[in-house]
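Written below as structure tokens is the structure these notes are about.
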Amino acid sequence: MFLAAFALYLWRFQPGSGWGDGADFVLCSWFLGVPHPTGYPAFVLFGKLAGLVPAGSAGFRVGLLSSFAGAACAAGFFLLATRLSRSAAAGFYAAAMLALSTFFWSGAVMVEAYALNMLFCVAILGLYLRARGDARAALLFFVIAALGMGNHGTLVIPAVIAGLAALHLAVKRSGALNGFLLVGFFTLLGLSTYLALPLFSARSALFDWNSPQLARNMPLLLSGYDFWVVGEYIPAQMWKNFLQLAGSVGGQLTAFSVAAFAGGLLLGKNAVRGRALLFAVFLLSAAFPVLYPTREKEAFSLISFALFLVFAAAGLRRAGDMIPGKIARRAVPAAIVTLAAAHAVFLLGRNQRFLAERHNDTGQTYSRAVFQSAPRDALILIDHVADDTVFPPVYHHFLENTRRDAFVFHRLYLAFPWWMDAMRARAAQLGSGARIPRIDLDAEKQTRYEVGAEEQERLAAGKTMNTVAIDIQTVKLLNGNKRIVPVCLNTLARFGRSRLSRGFAFAPQGALFRLGATREIPVPGELDAAGALSADPVFRALARDMRTERAAWNLGRAAAAQGAERDTALRAVVGHLEAALQYDKSDCDIYKILVRAHAGLGNPAAARKYADSHAECMRAQYDIR
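Throughout, my numbering is defined as the position within the sequence shown, counted from one, plus 886.
Dropping the structure here:
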């Protein structure tokens, strides 16, 4: 099982560094930095070990951790499901469904913490089952559970529930005092990975979220208090989340597996050993992504999905036991394995977009376009989009030595006062002409800016993750460098909407926007070619913004021009917005502006077409019937 899964994941592993959190994990593993909350010390340490593999790029080496953990989890889950269902055939079915599901597959073929998190979960559940008769397994349970907490926070549900039961066993064996002391010691041993975070932070401020070398910042990093933007807990949205997850489970496992789950849950007290504990973990793990406003719902549901499969395996075994006749019962395992093979083929077909991850090189394509578009010695500010970090260009610049003449900032890091100092030192080390100003954010707190009350409060309170602090430092960077080196942004989606951006004129320059430029340089053709094939939400959001921002720039040109020059600008608006529609058809403003542009060009038929599309978009957006 391990070899088959590892070969499959490596075959489809995404080379280099993709979108999302992957490049953040690679950079922090390579440089021993501190990733975004909650710090992920276990992943960083294991990623550093994976980086010692003497082959491939940094992204490939650290990514081996995800594929290896995914394969090990598939093998371990086979053993766990077999033990719990008391059927090797049913355990194989459950493991195959887990390994090929969208819930699990994406985390095993990209640099992410989810496959390793699931491996920890399988390990602690297996150790808990052994802990009933093995004191050493009980103590190892607490080490592994605490170590896993340094990888991803969703492990807290099985760790706490099974941990309380294991603590009861330890107290029963060793007495209350000895039991608590032993459990406390081994738990602290596992949690010791968190001691690495202050060491990473003190070592370098280059990639250092929340600077946990300062004791007061550690709770902020672990909780994400000043980082996470907490969504509204709206019942209607929760119901939508539930339906989305239930539809994904039903669509991949079919009604037969859902029925098998019910059978494993309801038929017989011995259908699943430790059924009450496992069901409690299942319920709480399933409820969390429904209640919590995250877009990574499947990844956060992975533990509950795996336990669903355990109960389904038990249901299959129980159904086989009910078949009369010895010969018939002997044929049941072969039938289950055959069914598993057929179901695996179905999943490979259904989930083929994940099979294509190996060919999703849009992160590299985008990074290449960014650096090809940048003038020599440019100061490039990389901004995030659609609430996702855009790390591939940062990865390519820092780890693949791309465009060493340029100086790359990730604008999101400007939230941290110490990062400007780190980049000033880096500029001196590289001999860059970029001027990195000294900024006293404590003094800036006393200044009133044209921002909302909430943002002003975040600035005054000193919360690190606030757009005002980022925009203040961006303005000072732009003012300090606009006559020194070329200054470029990859997107205006964030800074362009800030009131602090007034007075700065950017023009589209390939994949970038350049401060002070007066003419447009076309979007690199390879980006549109890549976008037509990519389903990646971050890349599609970037590509959409790239087009809509260029349309807005040309709309401004059209408003200030007349005659042929005006028509040329309006045609550019139409071209950019029609290209944007291949990435996002839900933005009603695109249709609205297309109506105006076609009307200005004297194309009434096209204007009517987009007016109808705008009306339909508004009906869908507001559920108007």
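The C-beta atom is built at its ideal place from N, Cα and C for all residues, glycine as well. These numbers come from a predicted model, not from an experiment.
Can you tell me which of the three DSSP states Leu1456 falls into?
Mapped onto the sequence shown, residue 1456 falls at position 570. It is helical.
Val1069 in three-state terms, based on DSSP:
As a first step, residue 1069 is located in the sequence shown; it is residue number 183 there, counting from the start. In the structure shown, Val1069 sits in a helix (DSSP, three-state: H, G or I).
Under the rule that 16 or more other beta-carbon atoms within 10 Å means buried, what is Asp1328, buried or exposed?
As a position in the sequence shown, residue 1328 is number 442, starting the count at 1. Counting Cβ neighbours within 10 Å, Asp1328 comes out exposed, since fewer than 16 surround it.
Determine the DSSP secondary structure at Val1176, reduced to helix, strand or coil.
The residue labelled residue 1176 in the question sits at position 290 within the sequence shown. Assignment of Val1176 by DSSP, reduced to helix, strand and coil, places it in the helix class.
Residue nearest to Val1294 in terms of C-alpha spacing, selected from Arg1236, Leu1234, Leu1363 and Thr1353
As a first step, residue 1294 must be located in the sequence shown, where it is residue number 408. For Val1294, the nearest C-alpha among the options comes from Leu1363.
Counting only runs of 4+ residues fully inside the segment 1403 to 1440, write out the alpha helix (DSSP H) ranges in chain order.
1411 to 1419
Which residues bound the beta strand (DSSP E) around Phe1392?
One-based indexing of the sequence shown puts residue 1392 at position 506. Run containing Phe1392: Phe1392 to Gln1395, per the beta strand (DSSP E) assignment.
Could you give the distance in angstroms between the alpha-carbon of Ala1485 and the alpha-carbon of Ala1492?
If you number the sequence shown from 1, residue 1485 lands on position 599. If you number the sequence shown from 1, residue 1492 lands on position 606. Between Ala1485 and Ala1492, the C-alpha separation is close to 8 Å.
Between Val1223, Ala1122 and Thr1140, which has its C-alpha nearest Leu1177's C-alpha?
Within the sequence shown, residue 1177 is the residue found at index 291, counting from 1. Nearest option by C-alpha distance: Ala1122.
Could I get the ranges of all uninterrupted beta strand (DSSP E) runs contained in the segment 1217 to 1293, with 3 residues as the minimum, in chain order?
1265 to 1268
Considering just the uninterrupted stretch of the beta strand (DSSP E) at Arg1400, what are its terminal residues?
Numbered from its first residue, the sequence shown carries residue 1400 at position 514. Note, Arg1400: beta strand (DSSP E), Leu1398 to Leu1401.
Closest by CA to Arg1385, which one among Gly1396, Tyr1335 and Glu998?
Along the sequence shown, read from residue 1 onward, the residue named residue 1385 stands at position 499. Taking Arg1385 as reference, the option from Gly1396, Tyr1335 and Glu998 with the minimal CA-CA separation is Tyr1335.
With DSSP as the reference, label Asp1357 as helix, strand or coil.
On the sequence shown, position 471 is the one that residue 1357 refers to. Reduced to three states, the DSSP call for Asp1357 is helix.
Chain B contact for Phe1191 (CB, 9 Å cutoff):
Protein chain content of the structure displayed is limited to a single chain, and chain B is not contained in it.
Buried versus exposed, by CB contacts within 10 Å (16 or more), Arg1289
Translated into the one-based positions of the sequence shown, residue 1289 becomes position 403. So Arg1289 ends up on the buried side.
Please identify the residue among Gly1389, Phe1128, Leu1015 and Ala1146 whose C-alpha is closest to the C-alpha of Phe1174.
Position 288 of the sequence shown, counting from 1, holds the residue named residue 1174. Nearest C-alpha to Phe1174: Phe1128.
Does Ile1120 pass the burial test, meaning 16 or more other C-beta atoms within 10 Å, or should it be called exposed?
For the purposes of this step, residue 1120 is identified with residue 234 of the sequence shown, where counting begins at 1. Ile1120 sits exposed, since fewer than 16 C-beta atoms from the chains shown fall within 10 Å of its C-beta.
Could you give the distance in angstroms between the alpha-carbon of Glu1182 and the alpha-carbon of Glu998?
Numbered from its first residue, the sequence shown carries residue 1182 at position 296. Numbered from its first residue, the sequence shown carries residue 998 at position 112. Looking at the two C-alpha atoms, the distance is approximately 12 Å.
State the beta-bridge partners of His1296 as determined by DSSP.
As a working note, residue 1296 is residue 410 in the sequence shown. BP columns for His1296 point to Ile1268.
Candidates Asn1287, Tyr1252 and Leu1285: which alpha carbon is nearest Val1276's?
Against the sequence shown, residue 1276 aligns to sequence position 390. Closest option to Val1276, Cα to Cα, is Tyr1252.
The alpha helix (DSSP H) spanning Leu950 covers which residue range?
What you label residue 950 is simply residue 64 of the sequence shown in a count that begins at 1. Element bounds for Leu950: Ala944 to Ser971.
Taking the beta carbon of Met1504 as the centre, do at least 16 other beta carbons fall within 10 Å, making it buried, or is it exposed?
Reading the sequence shown from its first residue, position 618 is the one you call residue 1504. With fewer than 16 Cβ atoms within 10 Å of its Cβ, Met1504 is classed as exposed.
To the nearest angstrom, how far is it from the Cα of Val1354 to the Cα of Leu1267?
Against the sequence shown, residue 1354 aligns to sequence position 468. Against the sequence shown, residue 1267 aligns to sequence position 381. Straight-line Cα distance between these residues: approximately 16 Å.
With distance defined between alpha-carbon atoms, name the residue in Tyr1014, Asn1064, Ala1308 and His1038 nearest to Leu1164.
Here residue 1164 refers to the residue found at position 278 of the sequence shown. Ranking the options by Cα distance to Leu1164, first place goes to Tyr1014.
Hey, how far is the Cα of Pro1479 from the Cα of Leu1487?
Residue numbering aside, residue 1479 sits at position 593 when the sequence shown is read from its first letter. Residue numbering aside, residue 1487 sits at position 601 when the sequence shown is read from its first letter. Before going further, note that residue 1479 is Ile rather than Pro in the sequence given. Approximately 12 Å between the Cα atoms of the pair.
For a quick check, are the C-beta atoms of Leu1077 and Met1104 less than 9 Å apart?
Indexing the sequence shown from 1 puts residue 1077 at position 191. Indexing the sequence shown from 1 puts residue 1104 at position 218. No, they are not a contact pair.
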